[in-house]
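> With this note's numbering, letter number 165 in the sequence shown gets 197, and the count goes up by one each step, no holes.
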Amino acid sequence: MIKPCYITAIKDDDDIIYDNLRYYYGIGLRDFFIMLHCSDEKTVAEIKRFEKDYRTNIFFLEDNDYVFKQDIHLRQLSELAFKEGFNWHITTDADELLILRKHKTIQEFLSEYQDKDSLTFTWSNYSNIKSSETGNMFVDRQHRRIVPSPWTKSIAKWTEGTPLIWSVGFHFLLNTTANDVISPETAFYAHFNYRSFERWAKRFEDWAVTKHYRFEKDPNDGWQNEYRQLKTPGFIEWQWKENLDKEYGGTVIDETAFVHDPISEDKFV
Numbered sequence: 033m034i035k036p037c038y039i040t041a042i043k044d045d046d047d048i049i050y051d052n053l054r055y056y057y058g059i060g061l062r063d064f065f066i067m068l069h070c071s072d073e074k075t076v077a078e079i080k081r082f083e084k085d086y087r088t089n090i091f092f093l094e095d096n097d098y099v100f101k102q103d104i105h106l107r108q109l110s111e112l113a114f115k116e117g118f119n120w121h122i123t124t125d126a127d128e129l130l131i132l133r134k135h136k137t138i139q140e141f142l143s144e145y146q147d148k149d150s151l152t153f154t155w156s157n158y159s160n161i162k163s164s165e166t167g168n169m170f171v172d173r174q175h176r177r178i179v180p181s182p183w184t185k186s187i188a189k190w191t192e193g194t195p196l197i198w199s200v201g202f203h204f205l206l207n208t209t210a211n212d213v214i215s216p217e218t219a220f221y222a223h224f225n226y227r228s229f230e231r232w233a234k235r236f237e238d239w240a241v242t243k244h245y246r247f248e249k250d251p252n253d254g255w256q257n258e259y260r261q262l263k264t265p266g267f268i269e270w271q272w273k274e275n276l277d278k279e280y281g282g283t284v285i286d287e288t289a290f291v292h293d294p295i296s297e298d299k300f301v
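#1: Report buried or exposed for E230, applying the criterion of at least 16 other Cβ atoms within 10 angstroms of its Cβ.
#2: Flag this pair as touching only if the stretch 74-83 and the stretch 46-66 have three or more C-beta atom pairs under 8 Å; answer yes or no.
#3: Could you compute how far the alpha carbon of G58 sits from the alpha carbon of T137?
#4: Going by alpha carbons, who is nearest to T123 out of L151, E116, K115?
#5: Using three-state DSSP, classify A126 as helix, strand or coil.
#6: Between the alpha carbons of E269 and F236, how many angstroms are there, rounded?
#7: Only counting the same chain, and skipping five residues up and downstream in sequence, which positions put a Cβ closer than 7 Å to that of V76?
#8: Bridge partners for V213 per DSSP, in chain order?
#9: Buried or exposed: P36, going by 16 or more other Cβ atoms within 10 Å of its Cβ?
#10: Near K148, what residues of its chain come up, given a Cβ to Cβ distance below 8 Å and the 5 sequence neighbours on each side ignored?
#11: Can you name the residues that DSSP bridges to C37?
#12: Does DSSP put F202 in a helix, a strand or coil?
#13: Would you check if the distance between the CB atom of Y56 and the CB atom of W155 is smaller than 8 Å?
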């Protein structure tokens with residue numbers, strides 16, 4: 033029996049989390065497992081608003097240690113979800129949507145892969161359309177990278193005796209035995225990381241804290257150069273401009289890959 037659930041860990045994503053949850057509700061998910069990792073009040077309020085509006089089941093865990101440890105959070109959430117009877121774990125970040133191009137619901141999609149224990153998807157970056165500032169992610173953020181990111185993203189089925197072992201970022205499983213790579217013509221992850229400079233810079237600072245923590249614990253762990261770069265004055269601003277130039281320079285407004293709101297069924301073209 034297919035019993036999927038939503039799994040994520042979030043910090044300060046009040047601008048996008050409501051639409052993110054609505055999207056996954058629209059493709060069939062009704063049970064949500066969320067790690068509040070030092071989440072601010074606005075983000076929590078948006079989750080509670082979604083819970084009230086759509087009367088869903090939300091299971092919360094909380095971690096107030098500022099250091100980033102997404103792999104640990106995912107394991108904790110997956111263990112709780114399995115105990116609650118959910119086998120397919122749809123892992124996502126607040127700025128990611130699993131886009132189904134040939135199926136209306138996640139249950140319909142998963143029914144074709146019941147002999148698999150994990151599925152891997154390509155990952156495409158989306159950016160804001162410069163002339164559109166409505167505040168609606170399904171309208172504004174439709175610039176898509178022509179070439180998918182080299183990163184991938186995976187979801188997985190947890191069965192008795194085979195706990196999931198994830199990489200940081202949910203990007204792949206370390207112990208899968210029956211994986212399938214999904215064509216982007218069937219489904220892919222859309223990634224909305226360039227929402228504003230302020231949020232992007234905050235995410236960089238979060239990484240700096242984490243990497244500084246790791247650097248202090250083990251000076252030979254490979255993070256030293258990245259930590260020094262992140263603390264260099266002007267580096268974050270330079271990195272933002274360079275990355276955004278690449279995003280806009282390599283994107284198209286592709287009607288066939290628009291991210292539609294699955295609840296309203298509106299077609300923003």
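For every residue, glycine included, the Cβ atom is placed at its ideal position computed from N, Cα and C.
Looking at the atomic coordinates:
#1: exposed
#2: yes
#3: 8 Å
#4: L151
#5: coil
#6: 11 Å
#7: L68
#8: T152
#9: buried
#10: K189, A210, N211, D212
#11: H121
#12: Caution is warranted here: a pLDDT of 49 is assigned to F202, below 50, making its placement in the model unreliable, and no coordinate value can be reported.
#13: no
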